[in-house]
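Residues in the sequence shown are numbered from 1 upward in steps of one, following this note's numbering. Think of the CB as a built atom: it goes at the ideal place given N, C-alpha and C, for glycine as much as any other residue. The structure presented is a predicted model; accordingly, all values stated were derived computationally and were not measured. Each remark here refers to the structure printed beneath this line.
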Amino acid sequence: MTMTIVSIAVALVVGALLGIGLNALVRGKTLSDARAEGARIIDEAQKEAANIEAEAQLKAKEIVFTAKTQSDAEAKERLKEVSVIEKRIHQREELIDNKLSQLDKREQEIRKAEQSLSDRMRHVENLKAEVESLRKQQIDKLEEISGMDSNQAKKELMASLESEARHEAAKLLKQIQDEAEAEADKRAKRILSTAIQRYSTDVVSTRTVSVVNLPSEEMKGRIIGREGRNIRSIEAATGVDLIIDDTPDAVILSSFDPIKREIARLSLETLVVDGRIHPSRIEEVVEKVTKEINEAIWEAGQQATFELGLHGLNPELVKLVGKLKYRTSFSQNVYQHSLEVAHLCGILAAELGVNQKIAKRVGLLHDIGKAVDHEVEGSHAIIGADMAKRYGESNKVVEAIASHHNEAPVNSVYGFLVQAADSLSAARPGARREMLENYIKRLVELETIATSFDGVSKAYAVQAGREVRVMVDVDKVSDAGADLLAQQITKAIEEKLTYPGQIRVVVIRESRAVRFAK
1 MTMTIVSIAV ALVVGALLGI GLNALVRGKT LSDARAEGAR IIDEAQKEAA
51 NIEAEAQLKA KEIVFTAKTQ SDAEAKERLK EVSVIEKRIH QREELIDNKL
101 SQLDKREQEI RKAEQSLSDR MRHVENLKAE VESLRKQQID KLEEISGMDS
151 NQAKKELMAS LESEARHEAA KLLKQIQDEA EAEADKRAKR ILSTAIQRYS
201 TDVVSTRTVS VVNLPSEEMK GRIIGREGRN IRSIEAATGV DLIIDDTPDA
251 VILSSFDPIK REIARLSLET LVVDGRIHPS RIEEVVEKVT KEINEAIWEA
301 GQQATFELGL HGLNPELVKL VGKLKYRTSF SQNVYQHSLE VAHLCGILAA
351 ELGVNQKIAK RVGLLHDIGK AVDHEVEGSH AIIGADMAKR YGESNKVVEA
401 IASHHNEAPV NSVYGFLVQA ADSLSAARPG ARREMLENYI KRLVELETIA
451 TSFDGVSKAY AVQAGREVRV MVDVDKVSDA GADLLAQQIT KAIEEKLTYP
501 GQIRVVVIRE SRAVRFAK
(Lines of atoms letter the chains of each structure in order from A and count residues from 1; the text may use other names and numbers.)
(Lines give C-alpha, C1' and ligand atoms only; values in the text may rest on other atoms or scores of the structure.)
Protein backbone atom coordinates (compact mmCIF):
# COMPACT_ATOMS: atom_id res chain seq x y z
CA MET A 1 0.00 0.00 0.00
CA THR A 2 2.92 2.35 0.88
CA MET A 3 4.59 1.67 -2.48
CA THR A 4 1.43 2.53 -4.31
CA ILE A 5 1.16 5.87 -2.53
CA VAL A 6 4.85 6.70 -3.34
CA SER A 7 4.33 5.85 -6.99
CA ILE A 8 1.32 8.11 -7.12
CA ALA A 9 3.36 10.95 -5.52
CA VAL A 10 6.26 10.53 -7.99
CA ALA A 11 3.82 10.56 -10.88
CA LEU A 12 2.31 13.75 -9.59
CA VAL A 13 5.76 15.35 -9.27
CA VAL A 14 6.81 14.39 -12.77
CA GLY A 15 3.55 15.73 -14.15
CA ALA A 16 4.04 18.96 -12.29
CA LEU A 17 7.62 19.32 -13.63
CA LEU A 18 6.50 18.81 -17.15
CA GLY A 19 3.78 21.36 -16.70
CA ILE A 20 6.21 23.89 -15.21
CA GLY A 21 8.71 23.30 -17.96
CA LEU A 22 6.13 23.92 -20.60
CA ASN A 23 4.93 27.02 -18.83
CA ALA A 24 8.52 28.28 -18.52
CA LEU A 25 9.14 27.83 -22.18
CA VAL A 26 5.93 29.55 -23.02
CA ARG A 27 6.61 32.50 -20.80
CA GLY A 28 10.18 32.79 -21.87
CA LYS A 29 11.78 31.99 -18.53
CA THR A 30 15.31 30.91 -18.44
CA LEU A 31 16.37 27.31 -17.94
CA SER A 32 18.03 28.08 -14.62
CA ASP A 33 14.88 29.47 -13.17
CA ALA A 34 13.04 26.43 -14.33
CA ARG A 35 15.58 24.12 -12.71
CA ALA A 36 15.45 25.96 -9.43
CA GLU A 37 11.69 25.85 -9.46
CA GLY A 38 11.74 22.12 -10.32
CA ALA A 39 14.14 21.35 -7.48
CA ARG A 40 11.86 23.15 -5.07
CA ILE A 41 8.81 21.30 -6.29
CA ILE A 42 10.62 17.93 -6.08
CA ASP A 43 11.65 18.63 -2.55
CA GLU A 44 8.11 19.51 -1.55
CA ALA A 45 6.80 16.40 -3.31
CA GLN A 46 9.27 14.19 -1.45
CA LYS A 47 8.21 15.68 1.86
CA GLU A 48 4.55 15.21 1.01
CA ALA A 49 5.22 11.64 -0.08
CA ALA A 50 7.02 10.97 3.22
CA ASN A 51 4.02 12.34 5.13
CA ILE A 52 1.60 10.27 3.10
CA GLU A 53 3.76 7.14 3.66
CA ALA A 54 3.84 7.81 7.44
CA GLU A 55 0.05 8.24 7.55
CA ALA A 56 -0.42 5.08 5.53
CA GLN A 57 1.80 3.07 7.88
CA LEU A 58 -0.11 4.44 10.87
CA LYS A 59 -3.48 3.43 9.34
CA ALA A 60 -2.12 0.01 8.47
CA LYS A 61 -1.03 -0.48 12.08
CA GLU A 62 -4.49 0.56 13.29
CA ILE A 63 -6.16 -1.91 10.91
CA VAL A 64 -3.84 -4.71 12.02
CA PHE A 65 -4.52 -3.89 15.68
CA THR A 66 -8.30 -3.85 15.15
CA ALA A 67 -8.20 -7.14 13.26
CA LYS A 68 -6.10 -8.74 15.99
CA THR A 69 -8.50 -7.50 18.67
CA GLN A 70 -11.50 -8.98 16.82
CA SER A 71 -9.63 -12.19 16.20
CA ASP A 72 -8.80 -12.52 19.91
CA ALA A 73 -12.48 -11.92 20.86
CA GLU A 74 -13.69 -14.51 18.36
CA ALA A 75 -11.09 -16.96 19.62
CA LYS A 76 -12.33 -16.46 23.18
CA GLU A 77 -15.95 -17.07 22.08
CA ARG A 78 -14.95 -20.19 20.23
CA LEU A 79 -13.08 -21.40 23.29
CA LYS A 80 -16.17 -20.89 25.40
CA GLU A 81 -18.35 -22.82 22.90
CA VAL A 82 -15.81 -25.64 22.76
CA SER A 83 -15.77 -25.74 26.55
CA VAL A 84 -19.58 -26.02 26.68
CA ILE A 85 -19.58 -28.76 24.03
CA GLU A 86 -16.89 -30.65 25.94
CA LYS A 87 -19.01 -30.48 29.11
CA ARG A 88 -22.06 -31.82 27.22
CA ILE A 89 -20.04 -34.63 25.71
CA HIS A 90 -18.69 -35.47 29.11
CA GLN A 91 -22.21 -35.57 30.58
CA ARG A 92 -23.46 -37.78 27.76
CA GLU A 93 -20.54 -40.12 28.24
CA GLU A 94 -21.43 -40.41 31.92
CA LEU A 95 -25.10 -41.04 31.01
CA ILE A 96 -24.13 -43.72 28.48
CA ASP A 97 -21.87 -45.35 31.04
CA ASN A 98 -24.74 -45.45 33.53
CA LYS A 99 -27.09 -46.97 30.95
CA LEU A 100 -24.53 -49.56 29.96
CA SER A 101 -24.15 -50.44 33.61
CA GLN A 102 -27.93 -50.82 33.98
CA LEU A 103 -28.09 -52.91 30.81
CA ASP A 104 -25.43 -55.21 32.18
CA LYS A 105 -27.42 -55.64 35.39
CA ARG A 106 -30.63 -56.36 33.43
CA GLU A 107 -28.82 -58.81 31.21
CA GLN A 108 -27.63 -60.66 34.28
CA GLU A 109 -31.15 -60.67 35.72
CA ILE A 110 -32.57 -61.97 32.42
CA ARG A 111 -30.00 -64.75 32.34
CA LYS A 112 -30.95 -65.73 35.87
CA ALA A 113 -34.65 -65.66 34.93
CA GLU A 114 -34.00 -67.75 31.81
CA GLN A 115 -32.12 -70.26 33.88
CA SER A 116 -34.95 -70.39 36.42
CA LEU A 117 -37.53 -70.72 33.63
CA SER A 118 -35.55 -73.52 32.03
CA ASP A 119 -35.45 -75.34 35.35
CA ARG A 120 -39.19 -74.91 35.78
CA MET A 121 -39.89 -76.11 32.25
CA ARG A 122 -37.87 -79.22 32.87
CA HIS A 123 -39.83 -79.74 36.07
CA VAL A 124 -43.11 -79.26 34.21
CA GLU A 125 -42.07 -81.69 31.51
CA ASN A 126 -41.32 -84.26 34.18
CA LEU A 127 -44.72 -83.64 35.76
CA LYS A 128 -46.41 -83.95 32.37
CA ALA A 129 -44.71 -87.27 31.79
CA GLU A 130 -45.89 -88.50 35.19
CA VAL A 131 -49.45 -87.25 34.56
CA GLU A 132 -49.53 -88.85 31.11
CA SER A 133 -48.35 -92.12 32.59
CA LEU A 134 -51.05 -91.97 35.29
CA ARG A 135 -53.69 -91.03 32.67
CA LYS A 136 -52.79 -94.02 30.53
CA GLN A 137 -52.99 -96.28 33.56
CA GLN A 138 -56.42 -94.88 34.45
CA ILE A 139 -57.66 -95.21 30.85
CA ASP A 140 -56.49 -98.82 30.77
CA LYS A 141 -58.31 -99.52 34.04
CA LEU A 142 -61.48 -97.75 32.82
CA GLU A 143 -61.43 -99.65 29.52
CA GLU A 144 -60.96 -102.88 31.45
CA ILE A 145 -63.88 -102.06 33.78
CA SER A 146 -66.29 -100.68 31.13
CA GLY A 147 -65.45 -103.09 28.36
CA MET A 148 -65.10 -100.14 25.83
CA ASP A 149 -62.08 -98.51 24.29
CA SER A 150 -61.37 -94.79 24.68
CA ASN A 151 -62.84 -93.80 21.30
CA GLN A 152 -66.16 -95.42 22.03
CA ALA A 153 -66.25 -93.85 25.48
CA LYS A 154 -65.52 -90.40 23.97
CA LYS A 155 -68.33 -90.74 21.45
CA GLU A 156 -70.84 -91.72 24.11
CA LEU A 157 -69.70 -88.93 26.40
CA MET A 158 -69.84 -86.34 23.63
CA ALA A 159 -73.30 -87.50 22.59
CA SER A 160 -74.49 -87.29 26.16
CA LEU A 161 -72.97 -83.83 26.64
CA GLU A 162 -74.36 -82.58 23.32
CA SER A 163 -77.86 -83.76 24.16
CA GLU A 164 -77.66 -82.21 27.61
CA ALA A 165 -76.25 -78.95 26.18
CA ARG A 166 -79.00 -78.74 23.56
CA HIS A 167 -81.62 -79.35 26.21
CA GLU A 168 -80.18 -76.66 28.49
CA ALA A 169 -79.76 -74.24 25.57
CA ALA A 170 -83.35 -74.72 24.52
CA LYS A 171 -84.58 -74.14 28.06
CA LEU A 172 -82.40 -71.04 28.46
CA LEU A 173 -83.47 -69.70 25.05
CA LYS A 174 -87.13 -70.14 25.88
CA GLN A 175 -86.66 -68.46 29.25
CA ILE A 176 -84.85 -65.48 27.70
CA GLN A 177 -87.46 -65.12 24.97
CA ASP A 178 -90.34 -65.32 27.43
CA GLU A 179 -88.78 -62.64 29.64
CA ALA A 180 -88.02 -60.33 26.68
CA GLU A 181 -91.36 -60.83 24.99
CA ALA A 182 -93.27 -60.29 28.21
CA GLU A 183 -92.28 -56.61 28.15
CA ALA A 184 -91.44 -55.90 24.50
CA ASP A 185 -94.45 -57.62 22.96
CA LYS A 186 -96.92 -55.78 25.16
CA ARG A 187 -95.43 -52.36 24.38
CA ALA A 188 -94.93 -53.06 20.67
CA LYS A 189 -98.52 -54.25 20.25
CA ARG A 190 -99.87 -51.21 22.02
CA ILE A 191 -97.84 -48.79 19.90
CA LEU A 192 -98.55 -50.54 16.59
CA SER A 193 -102.26 -51.01 17.27
CA THR A 194 -102.56 -47.35 18.22
CA ALA A 195 -100.80 -46.29 15.03
CA ILE A 196 -102.93 -48.53 12.80
CA GLN A 197 -106.20 -47.49 14.44
CA ARG A 198 -105.36 -43.79 14.18
CA TYR A 199 -104.62 -43.90 10.47
CA SER A 200 -106.38 -45.68 7.63
CA THR A 201 -106.60 -44.83 3.93
CA ASP A 202 -107.73 -46.26 0.64
CA VAL A 203 -105.15 -47.76 -1.71
CA VAL A 204 -105.26 -46.91 -5.39
CA SER A 205 -104.03 -49.75 -7.59
CA THR A 206 -103.01 -49.32 -11.24
CA ARG A 207 -101.27 -51.53 -13.77
CA THR A 208 -98.59 -51.15 -16.40
CA VAL A 209 -101.27 -50.76 -19.09
CA SER A 210 -104.14 -48.32 -19.50
CA VAL A 211 -107.30 -48.82 -21.51
CA VAL A 212 -109.00 -46.02 -23.47
CA ASN A 213 -112.61 -46.71 -24.38
CA LEU A 214 -113.72 -45.68 -27.88
CA PRO A 215 -117.20 -44.65 -29.00
CA SER A 216 -117.05 -47.03 -31.97
CA GLU A 217 -114.82 -49.41 -33.91
CA GLU A 218 -114.56 -46.80 -36.67
CA MET A 219 -112.46 -44.64 -34.32
CA LYS A 220 -109.64 -47.23 -34.40
CA GLY A 221 -109.08 -46.53 -38.08
CA ARG A 222 -108.93 -42.78 -37.46
CA ILE A 223 -106.40 -43.33 -34.64
CA ILE A 224 -104.23 -45.43 -36.96
CA GLY A 225 -104.53 -42.89 -39.77
CA ARG A 226 -103.45 -43.10 -43.37
CA GLU A 227 -100.55 -45.56 -43.64
CA GLY A 228 -100.31 -45.48 -39.81
CA ARG A 229 -99.11 -41.87 -39.56
CA ASN A 230 -101.42 -40.95 -36.64
CA ILE A 231 -100.48 -43.88 -34.41
CA ARG A 232 -96.79 -43.31 -35.15
CA SER A 233 -97.18 -39.64 -34.20
CA ILE A 234 -98.90 -40.54 -30.93
CA GLU A 235 -96.22 -43.10 -30.02
CA ALA A 236 -93.40 -40.70 -30.94
CA ALA A 237 -94.89 -37.79 -29.00
CA THR A 238 -95.74 -39.77 -25.85
CA GLY A 239 -93.17 -42.59 -25.83
CA VAL A 240 -95.98 -45.11 -25.22
CA ASP A 241 -96.92 -48.18 -27.26
CA LEU A 242 -100.50 -48.31 -28.60
CA ILE A 243 -102.00 -51.77 -28.92
CA ILE A 244 -105.01 -51.89 -31.25
CA ASP A 245 -106.30 -55.48 -31.34
CA ASP A 246 -109.63 -57.30 -31.40
CA THR A 247 -110.72 -55.79 -28.07
CA PRO A 248 -114.04 -54.15 -28.92
CA ASP A 249 -114.24 -50.37 -28.64
CA ALA A 250 -110.93 -50.05 -26.75
CA VAL A 251 -107.27 -49.17 -27.28
CA ILE A 252 -104.56 -50.39 -24.89
CA LEU A 253 -101.66 -48.13 -23.89
CA SER A 254 -98.54 -49.95 -22.69
CA SER A 255 -95.54 -48.40 -20.92
CA PHE A 256 -93.49 -48.98 -17.79
CA ASP A 257 -93.33 -45.21 -17.23
CA PRO A 258 -96.63 -44.36 -15.50
CA ILE A 259 -96.37 -40.62 -16.18
CA LYS A 260 -95.90 -41.14 -19.90
CA ARG A 261 -98.77 -43.64 -19.91
CA GLU A 262 -101.05 -41.15 -18.15
CA ILE A 263 -100.10 -38.38 -20.62
CA ALA A 264 -100.85 -40.73 -23.50
CA ARG A 265 -104.21 -41.76 -21.98
CA LEU A 266 -105.42 -38.21 -21.42
CA SER A 267 -104.15 -37.08 -24.83
CA LEU A 268 -105.90 -39.93 -26.64
CA GLU A 269 -109.16 -39.32 -24.77
CA THR A 270 -108.98 -35.62 -25.70
CA LEU A 271 -108.33 -36.46 -29.36
CA VAL A 272 -111.21 -38.95 -29.44
CA VAL A 273 -113.64 -36.43 -27.97
CA ASP A 274 -112.38 -33.63 -30.22
CA GLY A 275 -112.49 -35.80 -33.36
CA ARG A 276 -109.59 -34.00 -35.04
CA ILE A 277 -106.79 -36.58 -35.20
CA HIS A 278 -103.77 -35.64 -37.30
CA PRO A 279 -100.03 -35.24 -36.52
CA SER A 280 -100.01 -31.50 -35.81
CA ARG A 281 -103.11 -31.73 -33.58
CA ILE A 282 -101.58 -34.72 -31.78
CA GLU A 283 -98.43 -32.77 -30.95
CA GLU A 284 -100.50 -29.81 -29.74
CA VAL A 285 -102.68 -31.96 -27.46
CA VAL A 286 -99.74 -33.94 -26.06
CA GLU A 287 -97.87 -30.72 -25.23
CA LYS A 288 -100.95 -29.30 -23.48
CA VAL A 289 -101.60 -32.49 -21.50
CA THR A 290 -97.91 -32.73 -20.52
CA LYS A 291 -98.11 -29.22 -19.07
CA GLU A 292 -101.27 -30.15 -17.17
CA ILE A 293 -99.66 -33.32 -15.78
CA ASN A 294 -96.61 -31.36 -14.60
CA GLU A 295 -98.91 -28.93 -12.83
CA ALA A 296 -100.81 -31.84 -11.27
CA ILE A 297 -97.51 -33.35 -10.09
CA TRP A 298 -96.51 -30.08 -8.42
CA GLU A 299 -99.93 -29.72 -6.80
CA ALA A 300 -99.82 -33.32 -5.52
CA GLY A 301 -96.39 -32.74 -3.96
CA GLN A 302 -97.54 -29.52 -2.31
CA GLN A 303 -100.72 -31.20 -1.05
CA ALA A 304 -98.65 -33.97 0.57
CA THR A 305 -96.36 -31.52 2.37
CA PHE A 306 -99.34 -29.42 3.46
CA GLU A 307 -101.22 -32.46 4.76
CA LEU A 308 -98.20 -33.56 6.82
CA GLY A 309 -97.28 -30.06 7.97
CA LEU A 310 -93.78 -30.23 6.50
CA HIS A 311 -92.10 -26.99 5.46
CA GLY A 312 -88.80 -26.09 3.84
CA LEU A 313 -88.80 -29.04 1.44
CA ASN A 314 -86.70 -28.43 -1.68
CA PRO A 315 -88.95 -27.79 -4.76
CA GLU A 316 -87.27 -30.66 -6.61
CA LEU A 317 -88.20 -33.05 -3.80
CA VAL A 318 -91.78 -31.72 -3.90
CA LYS A 319 -91.93 -32.58 -7.62
CA LEU A 320 -90.56 -36.06 -6.99
CA VAL A 321 -93.20 -36.65 -4.30
CA GLY A 322 -95.87 -35.60 -6.81
CA LYS A 323 -94.47 -38.03 -9.40
CA LEU A 324 -95.06 -40.90 -6.98
CA LYS A 325 -98.78 -40.39 -7.59
CA TYR A 326 -98.32 -42.19 -10.93
CA ARG A 327 -95.98 -44.91 -9.59
CA THR A 328 -97.12 -48.26 -8.21
CA SER A 329 -95.30 -51.03 -6.33
CA PHE A 330 -96.91 -54.48 -6.07
CA SER A 331 -100.08 -52.70 -7.34
CA GLN A 332 -99.92 -50.29 -4.37
CA ASN A 333 -99.85 -46.57 -5.22
CA VAL A 334 -96.51 -45.26 -3.96
CA TYR A 335 -97.84 -41.73 -3.34
CA GLN A 336 -100.59 -42.97 -1.03
CA HIS A 337 -98.15 -45.48 0.50
CA SER A 338 -95.66 -42.67 1.27
CA LEU A 339 -98.36 -40.54 2.90
CA GLU A 340 -99.49 -43.51 4.95
CA VAL A 341 -95.93 -44.32 6.06
CA ALA A 342 -95.36 -40.66 6.96
CA HIS A 343 -98.49 -40.59 9.14
CA LEU A 344 -97.56 -43.88 10.80
CA CYS A 345 -94.01 -42.64 11.44
CA GLY A 346 -95.37 -39.51 13.06
CA ILE A 347 -97.72 -41.51 15.28
CA LEU A 348 -94.99 -43.97 16.30
CA ALA A 349 -92.59 -41.09 16.98
CA ALA A 350 -95.19 -39.44 19.23
CA GLU A 351 -95.64 -42.70 21.15
CA LEU A 352 -91.86 -43.04 21.61
CA GLY A 353 -91.25 -39.38 22.42
CA VAL A 354 -88.95 -38.52 19.47
CA ASN A 355 -89.13 -35.72 16.87
CA GLN A 356 -92.36 -36.16 14.87
CA LYS A 357 -91.37 -33.73 12.08
CA ILE A 358 -88.22 -35.66 11.26
CA ALA A 359 -90.13 -38.96 11.42
CA LYS A 360 -92.81 -37.69 9.01
CA ARG A 361 -90.12 -36.29 6.70
CA VAL A 362 -88.39 -39.67 6.57
CA GLY A 363 -91.71 -41.46 5.98
CA LEU A 364 -92.71 -39.18 3.10
CA LEU A 365 -89.31 -39.35 1.38
CA HIS A 366 -88.38 -42.99 2.08
CA ASP A 367 -89.49 -44.18 -1.42
CA ILE A 368 -88.54 -40.99 -3.27
CA GLY A 369 -86.02 -42.99 -5.31
CA LYS A 370 -88.90 -44.84 -7.02
CA ALA A 371 -89.76 -41.63 -8.87
CA VAL A 372 -86.53 -41.90 -10.88
CA ASP A 373 -85.34 -45.49 -10.39
CA HIS A 374 -86.08 -46.20 -14.06
CA GLU A 375 -83.61 -43.44 -14.99
CA VAL A 376 -80.82 -44.05 -12.44
CA GLU A 377 -79.01 -47.31 -11.69
CA GLY A 378 -79.16 -48.73 -8.18
CA SER A 379 -81.75 -49.59 -5.55
CA HIS A 380 -84.47 -47.05 -4.82
CA ALA A 381 -83.35 -46.70 -1.17
CA ILE A 382 -79.80 -45.66 -2.11
CA ILE A 383 -81.02 -43.47 -4.99
CA GLY A 384 -83.50 -41.75 -2.66
CA ALA A 385 -80.85 -41.15 -0.01
CA ASP A 386 -78.50 -39.60 -2.59
CA MET A 387 -81.24 -37.29 -3.88
CA ALA A 388 -82.28 -36.27 -0.36
CA LYS A 389 -78.68 -35.43 0.46
CA ARG A 390 -78.28 -33.50 -2.81
CA TYR A 391 -81.34 -31.37 -2.04
CA GLY A 392 -80.29 -30.39 1.47
CA GLU A 393 -81.93 -32.94 3.80
CA SER A 394 -80.28 -33.64 7.16
CA ASN A 395 -78.03 -36.63 7.83
CA LYS A 396 -80.70 -38.27 10.01
CA VAL A 397 -83.20 -38.21 7.13
CA VAL A 398 -80.63 -39.40 4.56
CA GLU A 399 -79.43 -42.30 6.74
CA ALA A 400 -82.97 -43.43 7.55
CA ILE A 401 -83.95 -43.45 3.84
CA ALA A 402 -80.83 -45.44 2.90
CA SER A 403 -81.38 -48.02 5.65
CA HIS A 404 -85.14 -48.66 5.38
CA HIS A 405 -84.45 -51.90 3.43
CA ASN A 406 -81.26 -52.73 5.41
CA GLU A 407 -79.04 -51.79 2.46
CA ALA A 408 -77.16 -49.49 4.86
CA PRO A 409 -76.66 -49.75 8.65
CA VAL A 410 -79.47 -48.34 10.81
CA ASN A 411 -77.86 -45.55 12.86
CA SER A 412 -80.88 -43.84 14.42
CA VAL A 413 -84.36 -44.51 15.80
CA TYR A 414 -85.87 -43.00 12.62
CA GLY A 415 -84.47 -45.88 10.56
CA PHE A 416 -86.35 -48.39 12.73
CA LEU A 417 -89.49 -46.25 12.66
CA VAL A 418 -89.63 -46.08 8.86
CA GLN A 419 -88.95 -49.83 8.60
CA ALA A 420 -91.86 -50.59 10.93
CA ALA A 421 -94.22 -48.12 9.23
CA ASP A 422 -93.22 -49.35 5.76
CA SER A 423 -93.94 -52.95 6.76
CA LEU A 424 -97.30 -51.97 8.31
CA SER A 425 -98.40 -50.11 5.19
CA ALA A 426 -97.28 -52.83 2.79
CA ALA A 427 -98.38 -55.90 4.77
CA ARG A 428 -101.85 -54.92 5.92
CA PRO A 429 -104.71 -56.78 4.16
CA GLY A 430 -105.64 -55.33 0.77
CA ALA A 431 -102.60 -53.11 0.45
CA ARG A 432 -100.79 -55.13 -2.19
CA ARG A 433 -101.49 -57.85 -4.72
CA GLU A 434 -99.00 -60.31 -6.10
CA MET A 435 -98.92 -62.73 -9.01
CA LEU A 436 -100.46 -66.16 -8.41
CA GLU A 437 -97.25 -67.90 -9.49
CA ASN A 438 -95.13 -65.96 -6.96
CA TYR A 439 -97.68 -66.63 -4.24
CA ILE A 440 -97.68 -70.39 -4.84
CA LYS A 441 -93.89 -70.45 -5.13
CA ARG A 442 -93.51 -68.74 -1.76
CA LEU A 443 -95.87 -71.24 -0.09
CA VAL A 444 -93.91 -74.18 -1.53
CA GLU A 445 -90.60 -72.67 -0.42
CA LEU A 446 -91.97 -72.14 3.10
CA GLU A 447 -93.01 -75.78 3.42
CA THR A 448 -89.72 -76.98 1.88
CA ILE A 449 -87.62 -74.99 4.37
CA ALA A 450 -89.65 -76.28 7.31
CA THR A 451 -89.48 -79.95 6.26
CA SER A 452 -85.71 -79.79 5.67
CA PHE A 453 -85.02 -79.99 9.44
CA ASP A 454 -84.52 -83.30 11.22
CA GLY A 455 -87.53 -84.43 13.25
CA VAL A 456 -90.14 -82.59 11.11
CA SER A 457 -92.83 -84.90 9.75
CA LYS A 458 -95.11 -82.41 7.96
CA ALA A 459 -95.37 -78.66 7.35
CA TYR A 460 -98.31 -76.55 6.14
CA ALA A 461 -98.30 -72.94 4.97
CA VAL A 462 -101.58 -71.30 6.03
CA GLN A 463 -103.17 -67.84 6.17
CA ALA A 464 -101.89 -66.84 2.73
CA GLY A 465 -98.31 -67.62 3.70
CA ARG A 466 -98.39 -65.56 6.88
CA GLU A 467 -98.02 -68.68 9.03
CA VAL A 468 -96.34 -72.05 8.73
CA ARG A 469 -97.39 -74.91 10.99
CA VAL A 470 -94.79 -77.61 11.58
CA MET A 471 -95.64 -81.10 12.83
CA VAL A 472 -92.71 -82.86 14.55
CA ASP A 473 -91.98 -86.45 15.55
CA VAL A 474 -92.51 -86.91 19.30
CA ASP A 475 -89.65 -89.38 19.57
CA LYS A 476 -87.11 -87.07 17.91
CA VAL A 477 -88.04 -83.63 19.25
CA SER A 478 -88.61 -82.84 22.93
CA ASP A 479 -90.72 -80.01 24.35
CA ALA A 480 -87.63 -77.87 24.86
CA GLY A 481 -86.30 -78.87 21.45
CA ALA A 482 -89.52 -77.69 19.79
CA ASP A 483 -88.81 -74.11 20.77
CA LEU A 484 -85.23 -74.40 19.48
CA LEU A 485 -86.54 -75.88 16.22
CA ALA A 486 -88.95 -72.95 15.80
CA GLN A 487 -86.02 -70.57 16.24
CA GLN A 488 -83.95 -72.42 13.62
CA ILE A 489 -86.79 -72.50 11.08
CA THR A 490 -87.45 -68.78 11.62
CA LYS A 491 -83.80 -67.96 10.99
CA ALA A 492 -83.73 -70.09 7.82
CA ILE A 493 -86.86 -68.33 6.47
CA GLU A 494 -85.34 -64.90 7.14
CA GLU A 495 -82.13 -65.86 5.30
CA LYS A 496 -83.68 -67.61 2.28
CA LEU A 497 -86.99 -65.84 1.53
CA THR A 498 -88.04 -62.30 0.63
CA TYR A 499 -91.54 -61.42 1.83
CA PRO A 500 -93.56 -58.44 3.09
CA GLY A 501 -94.51 -58.26 6.75
CA GLN A 502 -93.79 -61.23 8.98
CA ILE A 503 -94.32 -65.01 8.98
CA ARG A 504 -95.39 -66.88 12.09
CA VAL A 505 -93.73 -70.25 12.74
CA VAL A 506 -95.72 -72.71 14.90
CA VAL A 507 -94.10 -75.98 15.93
CA ILE A 508 -96.67 -78.58 17.09
CA ARG A 509 -95.59 -81.57 19.17
CA GLU A 510 -98.27 -83.89 20.47
CA SER A 511 -98.55 -87.46 21.65
CA ARG A 512 -101.73 -89.48 21.25
CA ALA A 513 -102.86 -92.62 23.05
CA VAL A 514 -105.40 -94.54 20.95
CA ARG A 515 -107.29 -97.65 22.08
CA PHE A 516 -110.36 -99.42 20.70
CA ALA A 517 -113.14 -100.80 22.85
CA LYS A 518 -114.51 -104.07 21.50
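Contact annotation: leucine 443 and alanine 170 have beta-carbon atoms that are not nearer than 8 Å.
About 18 Å separates the Cβ atoms of glutamate 284 and valine 212, ruling out a contact at the 8 Å cut-off. Taken atom to atom, the span from the alpha-carbon of tyrosine 391 to that of glycine 353 is near 28 Å.
Inter-segment contact for the segment 291-299 and the segment 229-246 is absent: fewer than three beta-carbon pairs are separated by less than 8 Å.
Counting C-beta atoms within 10 angstroms of its own C-beta, leucine 324 has 16 or more neighbours from the protein chains shown and is therefore classed as buried.
In the three-state DSSP reduction, alanine 513 falls in the coil class, being neither helix nor strand. Between serine 216 and aspartate 249, the gap from beta carbon to beta carbon is short of 8 Å. Judged by DSSP in its simplified three-state form, lysine 141 adopts helix.
With respect to the 8 Å criterion, leucine 317 and isoleucine 234 are not classified as neighbours on the basis of their beta carbons.
Take the alpha-carbon of valine 84 and the one of arginine 111: they are about 41 Å apart. Counting only residues of its own chain and dropping the five nearest sequence neighbours on each side, arginine 281 has a CB closer than 8 Å to the CB of Leu271, Asp274. With fewer than 16 other CB atoms across the displayed protein chains lying within 10 angstroms of its CB, proline 315 is exposed. For leucine 268, the enclosing alpha helix (DSSP H) starts and ends at 258-274. Under the three-state reduction of DSSP, leucine 417 is assigned to helix.
In the structure shown, asparagine 355 adopts coil according to DSSP, grouped into three states. Following the DSSP letters along the chain, one finds aspartate 241 inside the beta strand (DSSP E) bounded by residues 241-243.
Looking at the DSSP output, valine 456 bridges to Val472. A residue is called buried when at least 16 other Cβ atoms come within 10 angstroms of its Cβ; threonine 328 meets this threshold and is buried. With contacts defined as CB atoms closer than 8 Å, glutamate 307 and leucine 339 qualify as a contacting pair. Burial state of alanine 371 is buried, judged by a 10 Å Cβ sphere holding 16 or more other Cβ atoms. Per DSSP, alanine 492 lies in no beta strand (DSSP E); the unbroken alpha helix (DSSP H) holding it starts and ends at 479-496. With a 10 Å radius around the Cβ and a threshold of 16 neighbouring Cβ atoms, lysine 155 comes out exposed. Rounded to the nearest whole angstrom, the CA to CA distance from glutamate 74 to glutamate 48 is 39 Å. For alanine 385 against valine 376, the beta-carbon gap comes to about 12 Å, at or over 8 Å, which does not count as contact. Beyond the five residues adjoining it in sequence on each side, glutamine 487 comes within less than 7 Å, by CB distance, of Leu173 in the same chain, given in chain order. Secondary structure in the segment 54-89: no beta strand (DSSP E) run of 3 residues or longer lies completely within the stretch. The continuous stretches of beta strand (DSSP E) do not include isoleucine 223, which lies in the alpha helix (DSSP H) extending over residues 218-224. Residue ranges of uninterrupted alpha helix (DSSP H) with 4 or more members, entirely inside the segment 323-402 and ordered along the chain, are 334-352, 356-365, 380-390, 395-402. Isoleucine 440 is not bridged by DSSP to any residue. Comparing C-alpha distances from glycine 455 to each of Val289, Ala461, Asn51, Arg509 shows the shortest one belongs to Arg509. Beta-bridge annotation (DSSP): serine 423 is not paired with any residue. In the three-state reduction of the DSSP assignment, asparagine 314 falls in the coil class, being assigned neither a helical nor a strand state. A direct Cα-Cα distance of roughly 11 Å separates alanine 388 from lysine 396.
With contacts defined by Cβ atoms closer than 8 Å, alanine 400 and serine 412 form a contacting pair. In the DSSP assignment, leucine 308 falls within the alpha helix (DSSP H) that extends over 279-308.
Taking a C-beta distance under 8 Å as the contact criterion, tyrosine 460 and arginine 466 do not qualify as a contact pair.
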